[in-house]
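Presented below is the structure to which this report refers.
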Amino acid sequence: MTENLGISTKKNSNPESFKWDSLKHITLMSVIEEEFDILLEPEEISEMLNYKDIVKVVKLKLTHTDQL
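Start counting the sequence shown at 0; every next residue gets the next number (numbering that gives the first Met the number 0).
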């Protein structure tokens with residue numbers, strides 16, 4: 000997943016050199032949809048601004064999917 004977002008996993012990589020933008024955000028959402036076999040609504044995508052928000056939405060989606 001990190002290679003899709005242009006994130007280096009090398010120990011000496013500079014975290015300051017990584018810039019987040021809307022394209023990386025959409026790419027991450029696409030990878031999450033594929034990985035968890037879920038479909039995110041545009042409203043959910045715009046609300047997923049940090050790790051905690053992402054985990055919350057994915058858990059809700061997975062819980063809802065299991066009930067179908």
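Each residue gets a CB set at the ideal place from its N, CA and C atoms; glycine is no exception.
Going by C-alpha positions, D52 is about 7 Å away from E46. In the three-state scheme derived from DSSP, where H, G and I count as helix and E and B as strand, E40 is classed as coil. Secondary structure at M47: coil, using DSSP grouped into helix, strand and coil. Note on L39: 16 or more other CB atoms within 10 angstroms of its CB, so buried under the neighbour-count rule. If you ignore the 5 residues before and after I31, its C-beta comes within less than 8 Å of the C-beta of I37, L39, I53 and V57, all in its own chain and listed in chain order.
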